[in-house]
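Trainee: Got a structure here, written out as structure tokens. Questions coming.
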DNA sequence: TGCCAGGCCGGGT
DNA sequence: ACCCGGCATGGC
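Residue numbers (this note's numbering): 70 to 281.
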């Protein structure tokens with residue numbers, strides 16, 4: 070079986086460096102991480118656009134926003150009632166705990182920050198790790214549905230693999246490098262969107278030569 | 001037209 | 001400690 074490093078290099082050579090996350094600011098990244106939960110990214114883009122258009126894309130504005138208005142704006146991202154509550158509580162926590170300042174968040178060690186993030190309602194393992202990696206620049210690997218499909222498809226993990234199991238495999242198989250974890254996860258999402266969805270198109274996948 | 005998308009929570013076993 | 005239903009819009 071090929072090494073994970075080969076998979077990464079094959080993907081990077083095929084798609085080029087991805088330079089994620091697609092956001093103009095760390096706070097926009099964190100909002101996007103919540104909005105994209107089990108939802109297509111196209112809807113998230115519309116929701117983010119609506120927030121920008123109404124000058125709501127900052128922690129204080131969201132924390133103090135009218136829930137009914139916020140819900141209307143993020144409607145294209147689905148689950149808008151849940152996500153309205155999650156965005157408002159997250160923004161309020163971000164303001165009260167870190168004064169709405171990402172630089173203050175960065176002063177906490179990775180492990181402590183992860184525990185605090187997971188304690189927030191609506192922040193699970195993937196959202197927490199996404200924020201740690203893409204908003205705060207910590208070397209932590211993000212596992213998602215695409216990661217599972219790719220790893221399982223290529224025989225790296227069993228069908229019942231857990232989040233923590235896949236995260237540990239990746240972090241133990243690769244040098245602990247923030248730029249590497251950043252781009253590798255981005256590459257997995259890119260290849261996943263094109264070739265490794267629920268209905269896969271493995272014939273045209275650039276990873277095909279590495280199939281077991 | 002039904003199936004699916006870059007999860008997470010809360011209640012039940 | 002797992003398992004499962006619920007959450008919702010929009011694209012194909």
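Glycine residues also receive a C-beta, built at the ideal position from the N, C-alpha and C atoms.
1) Which of helix, strand or coil does DSSP assign to residue 268?
2) Three or more beta-carbon pairs under 8 Å between the segment 78-94 and the segment 268-278, yes or no?
3) Pull up the distance between the alpha-carbon of residue 271 and that of residue 264, whole angstroms please.
4) Between residue 212 and residue 195, is the Cβ-Cβ spacing less than 8 Å?
5) Does the Cβ-Cβ distance between residue 96 and residue 127 come in under 8 Å?
6) Assuming residue 160 contacts residue 200 under a Cβ cut-off of 8 Å, what Cβ separation, rounded to an integer in Å, is found between them?
7) Below 8 Å between beta carbons: does that hold for residue 155 and residue 191?
8) Taking residue 129 as the reference, give the member of 258, 168, 118 and 226 with the closest Cα.
9) Which residue marks the beginning of the alpha helix (DSSP H) containing residue 238, and which one marks its end?
10) How would you label residue 251, buried or exposed, when you count the other beta carbons within 10 angstroms and need 16 or more for buried?
Mentor: Put simply:
1) coil
2) yes
3) 6 Å
4) Taking 8 Å as the Cβ cut-off, residue 212 and residue 195 qualify as a contacting pair.
5) yes
6) Not quite, the Cβ-Cβ distance comes to about 13 Å (not below 8 Å), so this is no contact.
7) Cβ atoms of residue 155 and residue 191: closer than 8 Å.
8) 168
9) 232-242 is the span of the alpha helix (DSSP H), which, as asked, contains residue 238.
10) buried
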